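Beneath this line is the structure, given in structure tokens, with notes to follow.
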Amino acid sequence: MRNISLSIVILGVGLLASNLSAAGGAACGNYLSEDGLTKGECDKAYVDATDKPSLQRGAQIYMNYCLGCHSLKYARYKKVSEDLEIPLDMFKDNLIFGDQKMGDLIQVGMDPKEAKEWFGNTPPDLTLEAGLRGPDWVYTYLKSFYIDESRPLGVNNKVYENVGMPHVLVDLQGTPQSVCRQVSFVAENGGIRQDPLTGERLTQEQCGFLEVEAGTGQLNPEEFDEAMLDLTNFLAYMTDPMKTERESIGTYTLLYLFIFTMLSYLLYREFKKDLH
Amino acid sequence: MVTKLMNWFDDRLPLTATIERHLTKYPAPINMNIWYLAGVLLVVVLVIQLASGIWLLMNYEPTAEGAFASIQYIMRDVQYGYIIRYMHTTGASAFFALIFLHMFRGMMYGSYQKPRELLWVLGWITYLLLCMLGFTGYVLPWGQMSFWAAQVIMSLFGSIPYIGEDLLTWIRGDYLISGITLTRLFAFHVVLLPLALIAVVFVHILALHEVGSNNPDGVDVKKFKDEDGVPLDTKPFFPYDITHDLYAIGVFLIFFVAIMFFYPDGGGYVIEYVNYEAADNLKTPEHIVPSWYYTPYYAMLRAITFPVLGLSAKFLGFVVMAAGIAIFVALPWLDRSPVKSIKYKGFYSKFFLTLFVISFFVLGYLGSVASTPLGTLLAQFFTVTYFSYFLLMPIYTKYETCKPVPDRIQLS
Chain A
1 MRNISLSIVI
11 LGVGLLASNL
21 SAAGGAACGN
31 YLSEDGLTKG
41 ECDKAYVDAT
51 DKPSLQRGAQ
61 IYMNYCLGCH
71 SLKYARYKKV
81 SEDLEIPLDM
91 FKDNLIFGDQ
101 KMGDLIQVGM
111 DPKEAKEWFG
121 NTPPDLTLEA
131 GLRGPDWVYT
141 YLKSFYIDES
151 RPLGVNNKVY
161 ENVGMPHVLV
171 DLQGTPQSVC
181 RQVSFVAENG
191 GIRQDPLTGE
201 RLTQEQCGFL
211 EVEAGTGQLN
221 PEEFDEAMLD
231 LTNFLAYMTD
241 PMKTERESIG
251 TYTLLYLFIF
261 TMLSYLLYRE
271 FKKDLH
Chain B
1 MVTKLMNWFD
11 DRLPLTATIE
21 RHLTKYPAPI
31 NMNIWYLAGV
41 LLVVVLVIQL
51 ASGIWLLMNY
61 EPTAEGAFAS
71 IQYIMRDVQY
81 GYIIRYMHTT
91 GASAFFALIF
101 LHMFRGMMYG
111 SYQKPRELLW
121 VLGWITYLLL
131 CMLGFTGYVL
141 PWGQMSFWAA
151 QVIMSLFGSI
161 PYIGEDLLTW
171 IRGDYLISGI
181 TLTRLFAFHV
191 VLLPLALIAV
201 VFVHILALHE
211 VGSNNPDGVD
221 VKKFKDEDGV
231 PLDTKPFFPY
241 DITHDLYAIG
251 VFLIFFVAIM
261 FFYPDGGGYV
271 IEYVNYEAAD
281 NLKTPEHIVP
291 SWYYTPYYAM
301 LRAITFPVLG
311 LSAKFLGFVV
321 MAAGIAIFVA
331 LPWLDRSPVK
341 SIKYKGFYSK
351 FFLTLFVISF
361 FVLGYLGSVA
371 STPLGTLLAQ
381 FFTVTYFSYF
391 LLMPIYTKYE
401 TCKPVPDRIQ
411 LS
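Protein sequences appear in the order of chains A and B. So the first sequence is numbered by the working numbering: it starts at 1 and just counts up by one. So the second sequence is numbered by the working numbering: it starts at 1 and just counts up by one.
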């Protein structure tokens, strides 16, 4: 009975745990994958809190392109400079605008009421955005702007339909268009439909792919993706700035507990001998 | 010197006698198994929660304007503040995981039966207090999920016929969830409920030491005693149980610390992702999901989709949910079996207990996902099977055939 009940409990916990992935991260709206096979699935953002150069590049993009509207109001400049190993003077000269101090929280100068008038909504604070939506969502969102003349600001986003935000990174990326392409028919079992006589692949038109007009941006598509990954990495760091410190302390704590548990086991074993 | 000091105290306070009675010489049955660890681990978690809670309190700001920012202040600017907070959030989940195991142990081995009815009732009260502590504590970070969970749970009181609306306003202290609601929940969470919890746990342990621990065989160890009056099939708590418990605490802390440092969100179960956004009373989150430890009861609440005799579905769901938590207290009087342990009970007891566990987990799962027509149907079915364990108990325990119980503990 003991074994049966134990296995039921384990099974139940497993059932709950299997739901883990469903709990985290938001789906990516109308985002179409590069091969046109999946819609609404985010691209994977491989964030790495130990990659300091990537975090530094991400901070640079953030301070130059995002901070005009989006605060990081729970974080302080000083801690960012320390964590990202950016020398104090360099940080002050290049990444702080206006008369803010190193110990200040990272605020924006814009008046929230005016911002609401301009964009329809106050631009949200982004300190915890990567925690709220997941890094994959942030990464995919950043790559999903496209020209849409029907919108007030002339742009739309595949991940966040009818978003109020302009495409601030247009200088870097260039002008992205939503285009149609001929793609193969793919059955659910993965088979590709072919012409029975010629054996040629049959295609159909599918719309919603994003294509950047060549030569309109400072970065080529690969470089832009790389830059957005850096920015996502920076936002993931923002949500959880203590990750590296936490995991290092955690490792020592676990080591200590392993030794403690081993010794307490030996003690337990000694006393157990008395009982039989 | 030490002896003299002890004598000085013993003349003024039953110090040695108390220590011997409750710790060093407390007789524990020799066949206690892994299920008996949940109790001592619960005490460990209680201490963790009290200690981390006091330190959180030093920097938390209980106002609607400042609460969310003060949590981030603890996470970023307070030295090791994030460790203290993660200790408290992981501790909350551990508390419930352990109390469920502890209660299940009692159900499995009939630990609620005579003479342990009061012990069981006291334990049930600690479970109630824990539910309230969990709810009030969950609201304090004042994130989106805090706010909307409070909204949903409190609105249940509004569904009570006639007095509902007025009662709801009285409980909230306002016409909607506001800073006033936050401060009163804060007062309950940090003063009233912990005080009550400590007091009830203390009496729970007193009662345990009065009647003695049950054991997996459910036999009465006090029937056979040696010449000193110590039950034969027991071992003294010190040093045999304490070394055993120390080892168990070590293993438990390894898991606890692993979650705390490496997986503090627990995949959205320990800390929900929606709570990364500050409370906003104009923006409802897509799915409002309670913490995992309430999901079985949340599923029951949602399972009732039809009004009966003019009572609204919401009110009936509330009643069913409350009954699901309350019914545990009736167990000592529902069980008519001549034997305690599931080992010697008949087929039906085993069947219904298994059904209960399966229902609990399925309801827990259903309560954590968005509701669908099939999900509602399943939730209704498993709500019925959940209650059948309790409500049919007087019948199946009375008429089933049990195995004979040995006089003394049989060690295999």
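All residues carry an ideal CB built from backbone N, CA and C; glycine is no exception. Here the structure is a predicted model, which is why all the values come from computation and not from measurement.
Looking at A:Val108, A:Arg269, A:Thr50 and A:Glu41, the one whose alpha-carbon comes closest to that of Tyr62 of chain A is A:Val108.
With distances taken between CA atoms, Phe224 of chain B lies nearest to B:Pro406 out of B:Pro406, B:Val139 and B:Pro264.
If only uninterrupted alpha helix (DSSP H) runs of at least 4 residues are considered, those enclosed by the stretch 99 to 172 of chain B are 117 to 139, 144 to 158 and 164 to 172. Within chain B, the residues placing a beta-carbon under 7 Å from that of Gly131 of chain A are Tyr273 and Tyr276, ordered along the chain. In this structure, Gly208 of chain A lies near Leu32 of chain A, with their beta-carbon atoms less than 7 Å apart. Under the criterion of beta carbons closer than 8 Å, Ala115 of chain A and Cys69 of chain A qualify as touching, at roughly 7 Å.
One alpha carbon belongs to Trp170 of chain B, the other to Leu185 of chain B, and they sit about 13 Å apart. Between the stretch 39 to 51 of chain A and the stretch 221 to 237 of chain A there are three or more inter-stretch CB-CB distances shorter than 8 Å, so the stretches are counted as touching.
What Met102 of chain A touches in chain B, judged by beta-carbon distance under 7 Å, is nothing: the nearest beta carbon there is about 14 Å away. The beta carbon of Met242 of chain A sits closer than 7 Å to some beta carbon of chain B. In the DSSP annotation of this structure, Val43 of chain B is not part of any beta strand (DSSP E); the continuous alpha helix (DSSP H) holding it starts and ends at Leu37 to Leu57. Taking the CA atoms as reference points, Glu286 of chain B sits about 28 Å from Asp166 of chain B.
CA-to-CA, the gap between Thr122 of chain A and Gly29 of chain A works out to about 22 Å.
In this chain, the alpha helix (DSSP H) harbouring Pro135 of chain A covers Pro135 to Leu142.
Taking the CA atoms as reference points, Thr89 of chain B sits about 44 Å from Cys402 of chain B. What Leu128 of chain A touches in chain B, judged by beta-carbon distance under 8 Å, is Gln72, Tyr276 and Glu277, going in chain order. For Glu222 of chain A, the three-state secondary structure derived from DSSP is helix. Glu277 of chain B is not bridged by DSSP to any residue. Distances from the CA of Gly58 of chain A to each of A:Tyr237, A:Met242 and A:Leu197 were compared; the closest alpha carbon is that of A:Tyr237.
The C-alpha of Asp125 of chain A lies about 45 Å from the C-alpha of Leu37 of chain B. Distance from the CA atom of Asn64 of chain A to the CA atom of Ala69 of chain B, rounded to whole angstroms, is 25 Å. In this chain, the beta strand (DSSP E) harbouring Pro236 of chain B covers Thr234 to Pro236.
Just so you know, the alpha carbons of Leu88 of chain A and Asp77 of chain B end up roughly 18 Å apart. The beta carbon of Leu254 of chain A sits closer than 7 Å to some beta carbon of chain B.
Remark: three or more beta-carbon pairs, one from each stretch, lie closer than 8 Å, so the stretch 200 to 220 of chain B and the stretch 122 to 139 of chain B are flagged as touching. In the structure shown, Pro29 of chain B falls within a strand segment according to DSSP collapsed to helix, strand and coil.
Contact check between the stretch 262 to 280 of chain B and the stretch 127 to 145 of chain A: three or more CB pairs, one atom from each, fall below 8 Å, which counts as touching.
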